[in-house]
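Numbering (our numbering), first residue to last: 198 to 819. Just so it is clear, CB atoms sit at the ideal spot from N, CA and C, and this is done for glycine as well. Keep in mind that this is a model prediction, so the values were computed, not measured.
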Amino acid sequence: EGRGYVLRRILRRAARHGRLLGRMEPFLAETAAVVIEIMRDAYPYLVERRDAILGTIVREEAQFARTLETGTVHLEEALIPLTGEERVVGRQADHLPPDAPTLAGDVAFRLHDTYGFPIDLTVELAAEYGVRVDRAGFEDALAEQRARSRSGKRADLARHAELTALYDAIAQRTGDTTFLGYQTTTTETRVAAILRDGTEYAELEARPEIELRAEAAAQAELVLAETPFYAESGGQIGDRGSIRDAESGTVLFTVEDTQRPTGGLVVHRGKLHGMLRVGQAVIAEVDAERRARTMRNHTGTHLLHRALRNAVGEQARQAGSLVTPDYLRFDYPADRPLSGDERSAIEHEIRTIVRDDRPVTAAETSMREAIELGADAFFDEKYGETVRTVAVQDYSRELCGGTHCRATGQIGGFLITAERSIGSGMRRIEALTGEAAEQLVSDRLATLDALTQRLGATSPEAATERVVELQARVRGLEQRIKAGAAGGPTRPADLATSAEALDGTRFLAYSAPFGSMEELKAYARDLRGVLGEGVIALALEAEEPQLFVTVSADLVQRGVSAGDLVQSGAPVFEGRGGGRPEMAQARGRRRDRLPSALEAIRLALAETLGAQGTDADAPRTT
């Protein structure tokens with residue numbers, strides 16, 4: 198975690214000592230606020246970032262408090278088998294009797310290693326329970342862990358040192374590799390060095406593994422006099438491609454990665470397919486399509502950085518990035534997620550710049566001149582006296598050695614796919630550009646269409662309403678299950694068979710303890726699908742009873758209005774309501790009068806249709 202780890206250790210040590218002094222509640226942010234005020238003239242940046250600084254300290258202190266709480270639980274579990282004494286707050290370890298029980302050092306180490314529980318706090322709490330801690334055993338366990346870690350690293354460090362020495366020797370002999378990738382993706386050059394498994398060769402041949410029936414291929418590394426291959430740096434990954442014989446055109450080497458292990462030396466790593474020798478003329482060719490996708494993502498990263506700062510403030514400076522052909526990743530300091538409006542604003546701004554097709558230009562200047570022109574420099578990047586600046590016309594300017602589009606229009610689409618926390622005070626955005634963004638939008642639209650169809654909705658907007666209805670129904674069912682209800686409403690298909698005829702019009706009245714009005718409406722929708730044309734009157738049996746009436750379109754044309762029908766039933770259960778001709782509802786106070794209200798609706802419908810329906814059955818209620 199680098200510098201963040203050191204700062205976290207300092208904060209936790211301060212919090213720990215505060216607890217030793219009796220400060221059990223969070224106090225570091227309060228103390229830091231005083232320091233900021235004292236140092237504001239010398240360090241104005243502290244004032245600008247005051248909220249972020251104090252917020253970080255509050256979170257770290259709270260996290261450490263949780264660590265202490267968790268560790269204390271596990272420590273007490275380990276102490277229970279050792280002692281039956283009650284806890285005496287303030288009892289010191291050096292005041293314990295010689296025959297006091299002892300907590301094993303490896304147990305104390307596990308608390309330290311697994312939960313981050315400080316050993317001095319373990320000693321203090323154990324003493325309060327009358328238990329010593331085997332400090333020597335703890336130190337032994339800690340030493341063993343460090344030894345294991347060192348032994349695992351020694352071989353890697355030794356090999357790394359050998360390779361570094363080899364790369365340095367080659368660089369001294371061949372000089373820096375000339376990079377031509379800003380101008381071209383193909384160039385004729387010569388082989389300057391060949392390496393395999395840490396050994397340099399004057400020539401190397403890949404031979405087929407006859408016994409394994411494998412083609413000729415061997416992992417190797419090449420150094421070229423000039424190269425169009427971009428070596429990984431500044432967050433942009435290395436190029437891939439191929440190296441062909443200049444005369445025959447035969448592919449002799451497949452480049453799987455490009456790195457700069459030391460200084461300006463570019464190393465091409467991949468598979469050797471034939472024979473290569475130092476000094477041989479070759480054609481180096483970058484995978485141009487892959488490079489183009491990487492360039493779109495790199496220029497897209499610059500636009501994201503500027504748009505993000507415009508949306509949330511200049512403090513959202515780049516703290517890390519990854520640019521690949523498939524996606525881009527951007528890290529920035531923040532103590533909260535982006536809001537929906539901020540995310541939409543960022544995407545809209547970037548797409549606007551893309552549509553403007555603004556020129557993207559690169560220029561080399563002195564570091565001082567670049568900063569004076571407003572260029573941004575970031576986190577752990579190292580810059581020389583001469584730097585390369587990449588500018589998007591009238592929008593952004595950054596120090597960058599990567600490859601970029603010639604104009605923003607080449608980026609194509611832009612879509613943020615994720616935004617999440619990656620640690621205390623740090624967040625990460627992932628995004629797609631070009632065809633990848635377009636494909637994701639297409640896939641999501643296809644998924645939305647499939648869901649819309651599956652839900653039986655007529656449009657995505659209707660699908661959203663349908664989901665709300667289903668959720669309401671589920672909540673209602675869950676509530677009835679919890680309440681011990683014997684069952685839910687009658688199935689719509691079964692209920693539809695009980696509809697009565699009023700002057701040739703199907704009428705169905707039904708009352709049940711639906712979980713909510715949303716569930717009742719969802720039920721009415723399903724019932725309409727089974728019943729077809731007609732009038733449906735439903736009652737919600739609840740502490741606050743409600744009526745709901747829906748009329749099919751053909752009856753609306755004949756003058757039947759759901760609003761009028763609900764008005765006829767509302768006074769019966771001391772309610773009020775209204776609505777449209779197709780749909781209306783009322784809310785009342787007398788649950789016991791719902792059957793009478795439904796009957797009033799039935800009579801009003803019969804009157805509207807010109808028939809009293811005296812031979813019809815009374816509305817069915819439950």
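DSSP three-state assignment for residue i, whether helix, strand or coil
| i | result |
| --- | --- |
| Q260 | helix |
| T491 | helix |
| R345 | helix |
| S765 | helix |
| L360 | helix |
| T496 | helix |
| S758 | coil |
| S639 | helix |
| V286 | coil |
| Y242 | helix |
| D442 | strand |
| Q743 | strand |
| S793 | helix |
| P710 | coil |
| T374 | coil |
| H470 | coil |
| A783 | strand |
Chain-order list of residues whose beta-carbon lies under 6 angstroms from that of residue i (same chain, five-residue window excluded)
| i | result |
| --- | --- |
| E569 | none |
| A683 | With a pLDDT of only 48 at A683, under the threshold of 50, the placement of this residue in the model should not be trusted, and no figure is reported. |
| L208 | E257 |
| R786 | E771 |
C-alpha distance - residue i paired with residue j, whole-angstrom precision
| i | j | result |
| --- | --- | --- |
| L735 | A647 | 31 angstroms |
| T299 | F224 | 34 angstroms |
| A669 | E632 | 39 angstroms |
| Q260 | L293 | 32 angstroms |
| R205 | Q433 | 30 angstroms |
| F770 | E741 | 11 angstroms |
| G712 | R672 | 7 angstroms |
| P686 | A709 | 6 angstroms |
| L699 | L717 | 24 angstroms |
| R788 | E662 | 28 angstroms |
| Q512 | A531 | 8 angstroms |
| H309 | G287 | 22 angstroms |
| C597 | R585 | 6 angstroms |
| A411 | A428 | Summary for A411: the model assigns pLDDT 39, below 50, so the residue's position carries little reliability; its value from the coordinates is reported in the next sentence. Rounded to the nearest angstrom, the two C-alpha atoms are 30 angstroms apart. |
| T521 | L535 | 23 angstroms |
| A389 | A485 | 23 angstroms |
| Q764 | D691 | 28 angstroms |
| A262 | L243 | 25 angstroms |
| G334 | R617 | 41 angstroms |
| A588 | G378 | 18 angstroms |
| E245 | I235 | 14 angstroms |
| L409 | A403 | For L409, the predicted structure reports a pLDDT of 34, less than 50, and the residue's modelled location is therefore unreliable. The matter cannot be settled from this model. |
Residue span of the alpha helix (DSSP H) that contains residue i, given as start and end
| i | result |
| --- | --- |
| Y312 | 302 to 312 |
| S518 | It is not in any alpha helix (DSSP H) - S518 instead sits in the beta strand (DSSP E) that spans 517 to 520. |
| A513 | Where A513 is concerned, there is no enclosing alpha helix (DSSP H), given that its DSSP letter is neither H nor E. |
| T630 | Taken as a continuous stretch (DSSP letters only), T630 belongs to no alpha helix (DSSP H), being part of the beta strand (DSSP E) at 623 to 630. |
| P458 | From DSSP, P458 is part of no alpha helix (DSSP H) but of the beta strand (DSSP E) over 448 to 459. |
| L535 | Taken as a continuous stretch (DSSP letters only), L535 belongs to no alpha helix (DSSP H), as it is neither H nor E. |
| M564 | 564 to 569 |
| Q584 | Note that residue 584 is Val in the sequence shown, not Gln. Per DSSP, V584 belongs to no alpha helix (DSSP H); it is in the beta strand (DSSP E), 583 to 589. |
| L392 | L392 -> not in any alpha helix (DSSP H); beta strand (DSSP E) instead, spanning 383 to 393. |
| E325 | 316 to 325 |
| I604 | Looking at the sequence provided, one finds Ala at residue 604 rather than Ile. No alpha helix (DSSP H) holds A604; DSSP gives it neither H nor E. |
Close-in-space but distant-in-sequence residues of the same chain around residue i (CB under 8 angstroms, 5 per side omitted)
| i | result |
| --- | --- |
| D331 | T299, L300, A301, G302, A305 |
| D230 | The residue asked about is misnamed: residue 230 is Ala in this sequence, not Asp. Same-chain partners within the cutoff: R247, L251. |
Beta-carbon contacts of residue i that lie in its chain and below 7 angstroms, excluding the five residues immediately before and after
| i | result |
| --- | --- |
| D523 | A633 |
| F611 | G497, E544, I547, R548, V551, A628, T630, A634 |
| A797 | S765, G766, V769 |
Where the beta strand (DSSP E) containing residue i begins and where it ends
| i | result |
| --- | --- |
| G726 | It is not in any beta strand (DSSP E) - G726 instead sits in the alpha helix (DSSP H) that spans 714 to 728. |
| M236 | Per DSSP, M236 belongs to no beta strand (DSSP E); it is in the alpha helix (DSSP H), 225 to 236. |
| I733 | 732 to 737 |
| I480 | 478 to 483 |
| A615 | 611 to 620 |
| A417 | 415 to 421 |
| message | Within 8 angstroms, do at least three Cβ pairs link the segment 544 to 551 to the segment 483 to 502? | response | yes
| query | Does the segment 466 to 475 come close enough to the segment 504 to 518 to have 3 or more Cβ pairs within less than 8 angstroms? | reply | no
| Cβ contact (3+ pairs, closer than 8 angstroms) linking the segment 320 to 338 and the segment 362 to 376 | no
| message | For the structure I just gave you, are there three or more beta carbon pairs, one from the segment 623 to 632 and one from the segment 587 to 605, closer than 8 angstroms? | response | no
| message | Whether or not the segment 743 to 752 and the segment 767 to 785 are in contact is what I'm after, with contact meaning three or more pairs of Cβ atoms, one per stretch, closer than 8 angstroms; do they touch? | response | yes
| Just checking, does the segment 415 to 429 make contact with the segment 379 to 397 on the three C-beta pairs under 8 angstroms criterion? | yes
| request: Assess, as a yes-or-no matter, whether the segment 356 to 365 is touched by the segment 441 to 451 under the definition of 3 or more beta carbon pairs within less than 8 angstroms. | output: no
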